[in-house]
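Novice: Pasting in a structure now, in structure tokens, and then I'll have a few things to ask.
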Amino acid sequence: MGRLFCRAARCSRNAFSAVVAAVALAAGCAHHPPPGPAAPPTVAPLFTEIAERSGVRFHHRTGKKAAANIMETTGAGCAVFDYDNDGWLDIYMVNGMSPPGDGNHLFHNNHDGTFTDVTKRAGVAALGHGMGMGCAVGDYDGDGYLDLLVTFTKKNALFHNNGGGTFTEVTDRAGLAGGGFSTAAAFADLDGDGKPDIYIARYCEFNSSSKQLCNMKGFPTSCPPYFYQPLPDLVYKNMGDGTFKHVEKPWGMVDSSGRGLGVVTVDFDRDGKLDLFVANDGSPNFLWRNHGGGRFENVAAAQGVALTDSGTAIANMGCDFGDFMGDGNLGLITAVFDTEELAVWRYTPNGGFQYVSRQTGLSQKSRPLLKFGVGFADFDNDGLLDIFLSNGHVQDRIADIQPGSHYAQSRSYYRNVGKGRFEDETAEGGEALTSPAVGRGAAFGDLFNDGGIDVVVNNCDGTAMVIRNDNPRKNWVELRLISAGRNWEAIGATAELYTPTRKITRFVHTAYSFASANDHRLHFGLGGETRVQKVVVTWPGGRKTEYHGIPTNRTTDIVESEGAVPAGVKRLLQTGRRMSSSTSHKP
């Protein structure tokens with residue numbers, strides 16, 4: 035409604051101008067302008083920044099007094115998720131140091147284009163844990179309400195969703211107090227027992243006794259990550275009783291060489307078992323292949339995603355997977371340092387991952403920017419996945435050190451024009467994209483339930499951005515998959531949507547970008563097409579189900595098993611059109 039209201043306001047301004055012109059003509063005030071070039075037509079920007087007017091008033095603070103060290107300049111992420119199961123995405127912003135900041139903030143979606151700060155009532159400020167870095171969402175106890183994990187540099191925090199708009203911190207009780215410069219995290223059923231486990235990426239050893247700043251060309255600034263020892267990641271098995279157990283060693287997920295900043299859960303090889311990718315800064319990436327039963331193997335090198343095609347370890351920050359070619363095969367993207375080209379790989383079942391950055395047309399366009407948050411999303415609803423990036427340097431004195439570079443930078447919007455190639459349409463995005471900020475986490479989702487993917491951006495030592503998608507709206511479908519059991523979010527499920535002319539593939543994941551959590555609904559742009567022939571869902575574990583009669587331009591809930599829906603999800607299912615296994619064409 036907020037979007038419709040704003041568009042109506044723009045239409046009203048145009049209508050008002052037309053009325054004024056008509057009155058002027060009627061009054062005999064018309065005149066012929068002198069000959070000259072015609073004014074160019076006014077084109078509305080593709081995106082609009084609405085944080086202040088929508089009520090999302092949040093300022094990230096690092097507490098730095100002079101130059102920023104590596105801990106102060108790294109964070110932070112954010113989340114869009116429906117914490118109260120009313121069918122609308124809410125917003126969670128992770129703060130840096132508190133004090134001087136007042137902690138993290140939760141904003142409730144009012145369903146009219148505005149948000150209300152409910153942090154105090156919800157109890158999720160998370161004060162006293164150190165420097166805030168990122169967050170993840172997932173229902174660890176299977177009650178049907180999404181819980182919240184927040185990563186910090188000292189002690190991580192787990193908040194149990196009580197279901198009445200409040201949360202209770204249960205970190206110690208759950209056994210998740212481990213910290214140490216944690217960044218991105220993910221909830222996912224990694225061992226296939228039906229209960230969401232937790233993976234937490236960690237960065238490096240850094241404390242008050244560490245080297246705080248480096249001198250570069252006479253200016254104090256943050257040191258590169260190779261000055262510090264990498265920290266091994268944390269892996270927790272969900273024990274089913276509200277507690278978690280460390281399983282890095284028994285699961286074979288021990289590797290102390292990475293400085294993790296991004297995490298994606300993805301069944302990249304389509305074998306029905308959920309794998310996991312970790313983007314590492316300045317060191318080889320991890321790709322944990324799931325062999326089942328809590329057995330994992332790092333196959334990043336063998337599959338071709340540990341390094342670039344030249345054998346180089348790059349500064350990977352955020353990451354995401356998506357079928358950007360539109361052929362059913364997943365691609366991988368990582369956000370990287372300035373001077374480095376945006377890293378893109380494409381997977382084929384028989385050839386592993388191929389490095390294709392230069393073939394996408396993004397290589398030179400992306401080099402001047404230091405890239406953090408990233409996501410594949412179909413912003414213009416043409417059925418092809420576009421790319422959005424939040425950018426900002428990590429050295430606050432970079433303009434002095436490297437003339438021509440900037441600490442605050444624009445966002446980036448690359449439109450997919452087909453066949454795996456992208457065009458830079460950042461300028462067409464308007465000030466919502468071009469105004470400078472020190473961008474970090476970016477979270478993606480349909481905030482206004484109107485079929486457009488919007489973006490929330492957390493800016494280091496800056497105000498939050500809510501970037502509304504104002505692309506001309508084409509036809510669309512959104513699916514909310516509800517799986518059986520505790521993993522009701524269906525993390526790892528894949529849906530193939532068939533129209534009369536093509537197949538569009540999407541998969542369920544919430545942990546991607548940089549240290550952020552995203553909408554778990556699947557979004558399909560249809561362009562000018564108006565009919566969906568069928569949808570084939572591959573559920574976690576490999577079971578396939580086929581559905582017909584999916585309507586366009588609305589959200590549809592697809593339920594795997596009616597009898598296994600958690601109690602808290604029942605309210606959520608009242609907010610959309612519902613399809614269950616009884617409507618399945620091919621069980």
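The sequence shown begins at 35 in our numbering and counts up one residue at a time.
Where is the CB? At the ideal position from N, CA and C, for every residue including glycine.
Just so we're clear, the structure is a prediction, and the values are computed from it rather than from any experiment.
Looking only at its own chain, which residues have a Cβ that is under 6 Å from the Cβ of residue 471, when we skip the five neighbours before and after it?
Specialist: Counting from one through the sequence shown, the residue named residue 471 turns up at place 437. So the qualifying residues of the chain are 442, 493 and 496.
Novice: Please report the distance separating the alpha-carbon of residue 575 from that of residue 289.
Specialist: Position 541 of the sequence shown, counting from 1, holds the residue named residue 575. Position 255 of the sequence shown, counting from 1, holds the residue named residue 289. Their backbone Cα atoms lie some 27 Å apart in a straight line.
Novice: Express the C-alpha separation of residue 79 and residue 102 in angstroms, rounding to a whole number.
Specialist: Indexing the sequence shown from 1 puts residue 102 at position 68. Indexing the sequence shown from 1 puts residue 79 at position 45. Roughly 34 Å separates the two Cα atoms.
Novice: Can you look up residue 2 in the DSSP assignment and give me helix, strand or coil?
Specialist: Examination of residue 2 is not possible in this model, given that the chain is present from 35 through 621 alone.
Novice: At which residue ranges does the segment 333-396 contain complete alpha helix (DSSP H) runs of 4 or more residues, listed in the order of the chain?
Specialist: Fully enclosed alpha helix (DSSP H) runs of 4 or longer: 334-337.
Novice: Starting from residue 605 and walking both ways along the beta strand (DSSP E), at which residues does that stretch end?
Specialist: Counting from 1 along the sequence shown, the entry for residue 605 is found at position 571. It is not in any beta strand (DSSP E) - residue 605 instead sits in the alpha helix (DSSP H) that spans 603-607.
Novice: Could you spell out the range, first to last residue, of the beta strand (DSSP E) harbouring residue 476?
Specialist: Locating residue 476 in the sequence shown gives position 442, counting from the first residue. 473-479 is the extent of the beta strand (DSSP E) around residue 476.
Novice: Any idea if residue 261 is buried or exposed, counting beta-carbon neighbours within 10 angstroms, 16 or more meaning buried?
Specialist: Taking the first residue of the sequence shown as 1, we reach residue 261 at position 227. Label assigned to residue 261: exposed.
Novice: Would you give the residue range spanned by the alpha helix (DSSP H) that residue 442 belongs to?
Specialist: The residue you call residue 442 lines up with position 408 of the sequence shown. Neither: residue 442 is in no alpha helix (DSSP H) and is coded neither H nor E.
Novice: Taking the beta carbon of residue 161 as the centre, do at least 16 other beta carbons fall within 10 Å, making it buried, or is it exposed?
Specialist: Reading the sequence shown from its first residue, position 127 is the one you call residue 161. Flag for residue 161 reads exposed.
Novice: Decide if residue 469 is buried, meaning its Cβ has at least 16 other Cβ atoms within 10 Å, or exposed.
Specialist: As a first step, residue 469 is located in the sequence shown; it is residue number 435 there, counting from the start. Counting Cβ neighbours within 10 Å, residue 469 comes out exposed, since fewer than 16 surround it.
Novice: Rounded to the nearest angstrom, what separates residue 271 and residue 280 at their Cα positions?
Specialist: For this step, residue 271 is matched to residue 237 along the sequence shown. For this step, residue 280 is matched to residue 246 along the sequence shown. Taking the straight line from one Cα to the other gives about 6 Å.
Novice: Hey, could you find the ends of the alpha helix (DSSP H) residue 435 is sitting in?
Specialist: Stepping through the sequence shown from its first residue, residue 435 is reached at position 401. From DSSP, the alpha helix (DSSP H) with residue 435 extends over 432-435.
Novice: Assuming the contact rule is C-beta atoms closer than 8 Å, residue 184 and residue 128 should be a hit. Round their C-beta distance to whole Å, please.
Specialist: Your numbering for residue 184 matches position 150 in the sequence shown. Your numbering for residue 128 matches position 94 in the sequence shown. 6 Å between Cβ atoms; contact.
Novice: I'd like to check one pair, residue 187 with residue 167: are the Cβ atoms closer than 8 Å?
Specialist: The residue given as residue 167 occupies position 133 in the sequence shown. The residue given as residue 187 occupies position 153 in the sequence shown. For residue 167 and residue 187, yes; Cβs fall inside 8 Å.
Novice: Exposed or buried, what is residue 284 when buried is set at 16 or more other beta-carbons lying within 10 Å of its beta-carbon?
Specialist: Taking the first residue of the sequence shown as position 1, residue 284 is located at position 250. So residue 284 ends up on the exposed side.
Novice: Can you list, in chain order, the residues of its chain with a C-beta nearer than 7 Å to that of residue 358? Leave out the 5 residues immediately preceding and following it.
Specialist: Taking the first residue of the sequence shown as position 1, residue 358 is located at position 324. Around residue 358: 365, 410, 419, 450 and 454.
Novice: Please state whether DSSP places residue 467 in a helix, a strand or coil.
Specialist: The sequence position of residue 467 within the sequence shown is 433, counting from 1. Residue 467: helix per DSSP, three-state reduction.
Novice: Find the nearest neighbour of residue 429 within the set 115, 258, 134 and 146, judged by alpha-carbon distance.
Specialist: One-based indexing of the sequence shown puts residue 429 at position 395. The option with the nearest alpha carbon to residue 429 is 258.
Novice: Thinking just about the alpha-carbon of each residue, which of 503, 535, 310 and 547 is nearest to the one in residue 561?
Specialist: The residue given as residue 561 occupies position 527 in the sequence shown. Residue 535 is the option with its Cα nearest to residue 561.
Novice: Measure the beta-carbon distance from residue 557 to residue 480 and round it to whole angstroms, keeping in mind my assumption that it falls under 8 Å.
Specialist: Stepping through the sequence shown from its first residue, residue 557 is reached at position 523. Stepping through the sequence shown from its first residue, residue 480 is reached at position 446. At roughly 7 Å, the Cβ-Cβ gap stays under 8 Å, so residue 557 and residue 480 are in contact.
Novice: Where does residue 457 sit, in a helix, a strand or coil, going by DSSP?
Specialist: Here the question's residue 457 lines up with position 423 in the sequence shown. Note: residue 457 maps to strand in three-state DSSP.
Novice: Are the segment 372-387 and the segment 570-584 in contact at 8 Å, needing three or more beta carbon pairs?
Specialist: The answer is no - the segment 570-584 does not touch the segment 372-387, with fewer than three Cβ pairs under 8 Å.
Novice: Taking buried to mean at least 16 other C-beta atoms within 10 Å of its own C-beta, is residue 585 buried or exposed?
Specialist: The residue labelled residue 585 in the question sits at position 551 within the sequence shown. Burial call: exposed.
Novice: Would you tell me roughly how many angstroms separate the C-alpha atoms of residue 137 and residue 159, rounded to the nearest one?
Specialist: Within the sequence shown, residue 137 is the residue found at index 103, counting from 1. Within the sequence shown, residue 159 is the residue found at index 125, counting from 1. Using only the alpha carbons, I get a separation of about 5 Å.
Novice: Would you report the Cα separation of residue 548 and residue 407, rounded to the nearest angstrom?
Specialist: The sequence position of residue 548 within the sequence shown is 514, counting from 1. The sequence position of residue 407 within the sequence shown is 373, counting from 1. Looking at the two C-alpha atoms, the distance is approximately 5 Å.
Novice: Could you give the distance in angstroms between the alpha-carbon of residue 209 and the alpha-carbon of residue 328?
Specialist: Residue 209 sits at position 175 when you count from the first residue of the sequence shown. Residue 328 sits at position 294 when you count from the first residue of the sequence shown. So the alpha carbons of these two residues sit roughly 19 Å apart.
Novice: Spell out the partners DSSP gives residue 139 in its beta bridges.
Specialist: In the sequence shown, counting from the first residue as 1, residue 139 sits at position 105. 127, per the DSSP bridge assignment.
Novice: Once DSSP output is grouped into helix, strand and coil, what is the label at residue 302?
Specialist: Here the question's residue 302 lines up with position 268 in the sequence shown. Three-state result, residue 302: coil.
Novice: Just to confirm the assignment, what range does the beta strand (DSSP E) spanning residue 203 have?
Specialist: In the sequence shown, residue 203 corresponds to position 169, counting from 1. Unbroken beta strand (DSSP E) run through residue 203: 201-203.
Novice: Pick out whichever of 317, 199 and 230 has its Cα sitting closest to the Cα of residue 308.
Specialist: By one-based count along the sequence shown, residue 308 stands at place 274. Minimum Cα distance to residue 308 is reached at 230.
Novice: For residue 107, I'd like the list of residues in its chain whose CB is within less than 6 Å of its CB, leaving aside the five on either flank, ordered along the chain.
Specialist: On the sequence shown, residue 107 is found 73 positions in, with the first residue counted as 1. Counting only Cβ-Cβ distances below 6 Å, and skipping sequence neighbours, we find 256 and 428.
Novice: Please state if the CB of residue 157 and the CB of residue 201 are separated by a distance shorter than 8 Å.
Specialist: The residue given as residue 201 occupies position 167 in the sequence shown. The residue given as residue 157 occupies position 123 in the sequence shown. Yes, Cβ-Cβ distance for residue 201 and residue 157 is below 8 Å.
Novice: Candidates 424, 539 and 105: which alpha carbon is nearest residue 474's?
Specialist: Translated into positions along the sequence shown, residue 474 becomes position 440. Comparing Cα-Cα distances from residue 474 to each of 424, 539 and 105, the minimum goes to 424.
Novice: Beta-carbon separation of residue 491 and residue 445 under 8 Å?
Specialist: Translated into the one-based positions of the sequence shown, residue 491 becomes position 457. Translated into the one-based positions of the sequence shown, residue 445 becomes position 411. Yes, these two residues count as a Cβ contact at 8 Å.
Novice: If you compare alpha carbons, which of 341, 394, 330 and 337 is closest to residue 319?
Specialist: Counted from its first residue, the sequence shown places residue 319 at position 285. The candidate whose alpha carbon is nearest that of residue 319 is 341.
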